[in-house]
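In what follows, a structure is listed as structure tokens, so that the remarks can point back to it.
Chains as they are written, first to last, in our numbering: chain A, 677 to 826; chain B, 677 to 826; chain C, 677 to 826.
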């Protein structure tokens, strides 16, 4: 029987947390747009008009949000692939839920301290490392499960 | 029975439109390279030679294509994960096909007006918003289907 | 029967090589951080302190590693989606293994010649093209298998 079905609670849990992580990432995209309007700082001449008083310029507040966004792509997108493949290794619900929740909490924290309320280090470094440790564990679980498929 | 099989027409439809979206994204990658050669603007010293008359420099035409590419990564890659998980919620073929086609059309339009024939706003903004509305609906459908897995 | 199960050797092989590709990408992320500390070049004021003697500045060695990282996101993440959908088309193990191994070798080579030991062209161009040819073949296989789902 396939483990990739809504009847498998590990798959259901993954689907839920994956959707949470992606809505968080979309929020950062919206925050970029909102900061561009607030700071009148755009990337393209066709985006600037009298109403938004926009100029093509680099603004440090916008750049910070963009860095948070790129960091999400670098960490959350690999997690989505890894966690999906990890489901196929047949983990227990308890372990899987712990990993998915930990990663989700770490990435919400990362966005908050990076782009919402700028917080001194090591707040961001810790959030980043916790997320990466989950990714590394998922990689380890997949590689050992499928080592014979080398 | 698993919904993740080529016998499920929703999965088959997703596979088809996902491949279309990715070939569109690869086209933007090729367009970046082509614009670099056309404008002789490269990022690395080892890429410049007498034949391509290349210099390490920033060119606005290249940057525009790169922004279109990054926007694809920010929007299409999350869609691919969301749509895959959405299949597990058992949508009707009609609804799924409508969503996959709408998103695909929105992203083809986004690339065209951003990087092929630069078009005044709100052409790009509308393409972007239609794509994001599809993503938001997919997130809503996944979160409500799997809410008990919190 | 679903093809998305650890009993399908094509799926097992994909899981293994996907994990390898993602750990390679995480290595580039770690290399970025390591180069930032080595060159004392950071992006955020809160990352700079007396111990790391950091400044907010652009460093060409850091930028090179970041370009390698972005190139991974642009190529490896689409591959992960394409290869997953390709499994559903029921390829033979021999063909699938050849494609997954070729792509993995191409991307390890790309990282090595771009960000570890800077190598004259066409080393990087060839690595890039081999990876993209695999992606194009996967797209072709998916589109022809599911053409009736247009």
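Quick reminder that beta carbons are idealized off the backbone N, C-alpha and C, glycines included.
task: Please classify residue 797 of chain C: is it buried, with 16 or more other beta-carbons within 10 angstroms of its beta-carbon, or exposed?
output: exposed
task: Please confirm if the region 682-700 of chain C is in contact with the region 779-789 of chain C, defined as three or more CB-CB distances below 8 Å between the two stretches.
output: yes
field: Whole-angstrom distance between residue 774 of chain C and residue 742 of chain B, CA atom to CA atom
entry: Roughly 31 Å between the two C-alpha positions.
C-alpha distance - residue 847 of chain A paired with residue 809 of chain C, whole-angstrom precision: Nothing can be reported for residue 847 of chain A, as the shown portion of chain A is limited to 677 through 826.
- request: Using a cut-off of 8 Å between C-beta atoms, extract the partners of residue 735 of chain C located in chain A.
  value: For residue 735 of chain C, there are no C-beta contacts with chain A under 8 Å, since the nearest C-beta of that chain is about 16 Å from it.
task: Taking C-beta pairs closer than 8 Å, name the residues in chain A that residue 692 of chain C reaches, listed in chain order.
output: 818, 819, 822, 823, 825, 826
query: What does residue 680 of chain B reach in chain A if we use C-beta pairs closer than 9 Å?
result: 678, 680, 681
message: Looking only at its chain, what residues have a beta carbon closer than 8 Å to the beta carbon of residue 804 of chain C, apart from the 5 residues adjacent to it on each side?
response: 747, 751, 782, 786
task: State yes or no: is the beta carbon of residue 745 of chain C nearer than 8 Å to at least one beta carbon in chain A?
output: yes
task: Spell out whether any CB of chain A is found under 8 Å from the CB atom of residue 685 of chain B.
output: no
task: Please name the residue in B:759, B:800, B:704 whose C-alpha comes closest to that of residue 818 of chain B.
output: Here the closest residue by C-alpha is B:759.
message: Suppose the cutoff is 8 Å on Cβ atoms and the five residues either side in sequence are ignored; what does the same chain contact list for residue 820 of chain A look like?
response: none
- prompt: To which residues of the same chain is residue 722 of chain B closer than 6 Å at the C-beta, ignoring the five residues directly before and after it?
  reply: none
message: To be precise: take each residue of the region 780-813 of chain C, compare its Cβ to all Cβ atoms of chain A, and keep it if any distance is under 8 Å. Which residues remain?
response: Within the region 780-813 of chain C, no residue qualifies.
- request: Please report how far the alpha carbon of residue 698 of chain B lies from the alpha carbon of residue 736 of chain B, in whole angstroms.
  value: 25 Å
message: By the DSSP assignment, the alpha helix (DSSP H) with residue 748 of chain B in it spans what residues?
response: Counting along the chain, the alpha helix (DSSP H) containing residue 748 of chain B begins and ends at 736-763.
field: Proximal residues of chain B, C-beta to C-beta of residue 815 of chain C below 9 Å
entry: 695, 696, 698, 699, 702
field: Which of helix, strand or coil DSSP assigns to residue 826 of chain A
entry: Coil.
- prompt: What residues are listed by DSSP as bridge partners for residue 731 of chain C?
  reply: As DSSP reads the structure, residue 731 of chain C sits in a beta bridge with C:717.
message: By the 7 Å beta-carbon criterion, what residues does the region 747-765 of chain C contribute toward chain A?
response: 749, 753, 756
task: Can you tell me which of the three DSSP states residue 766 of chain C falls into?
output: coil
- request: Out of C:686, C:681, C:765, C:799, point me to the one whose CA is closest to residue 687 of chain A's CA.
  value: Selected option, being the one with the closest Cα: C:681.
- request: Output the boundary residues of the alpha helix (DSSP H) element that contains residue 808 of chain C.
  value: 799-821
message: Let me make sure I understand the geometry here. Which of C:704, C:685, C:761, C:683 has the alpha-carbon closest to that of residue 788 of chain C?
response: C:704
task: Could you confirm whether any beta carbon from chain B is found closer than 8 Å to the beta carbon of residue 717 of chain A?
output: At least 8 Å separates the CB of residue 717 of chain A from every CB of chain B.
message: Cβ closer than 7 Å: which chain A residues qualify as neighbours of residue 689 of chain C?
response: 825
- prompt: Got a sec: does the ligand NAD put a non-hydrogen atom nearer than 7 Å to the Cβ of residue 694 of chain A?
  reply: Among the components modelled here there is no ligand, and therefore nothing to report on the ligand NAD.
Cβ shell of residue 776 of chain A (< 7 Å), same chain only, five flanking positions each side left out: Answer for residue 776 of chain A: 689, 690, 693, 759, listed in chain order.
message: Since residue 679 of chain C and residue 764 of chain C should fall inside the 8 Å C-beta cutoff, what is the C-beta to C-beta distance between them, to a whole number of angstroms?
response: 6 Å
query: My guess is that residue 733 of chain B and residue 744 of chain B are in contact by the Cβ rule of under 8 Å, so how many angstroms apart are they, rounded?
result: So it is not a contact: roughly 20 Å between Cβ atoms.
query: Under 8 Å between the Cβ atoms of residue 791 of chain A and residue 707 of chain A?
result: Against a cut-off of 8 Å, the Cβ pair of residue 707 of chain A and residue 791 of chain A comes out as a contact.
Contact belief for residue 753 of chain C with residue 753 of chain A at Cβ below 8 Å, rounded distance in angstroms: Between residue 753 of chain C and residue 753 of chain A, the beta carbon gap of about 6 Å places them in contact (Cβ cut-off 8 Å).
- request: To the nearest angstrom, report how far apart residue 756 of chain C and residue 757 of chain A are at their CA atoms.
  value: 7 Å
- request: Output yes if chain B places a C-beta closer than 8 Å to the C-beta of residue 705 of chain A; else output no.
  value: yes
message: Can you list, in chain order, the residues of its chain with a C-beta nearer than 7 Å to that of residue 728 of chain C? Leave out the 5 residues immediately preceding and following it.
response: 713, 716
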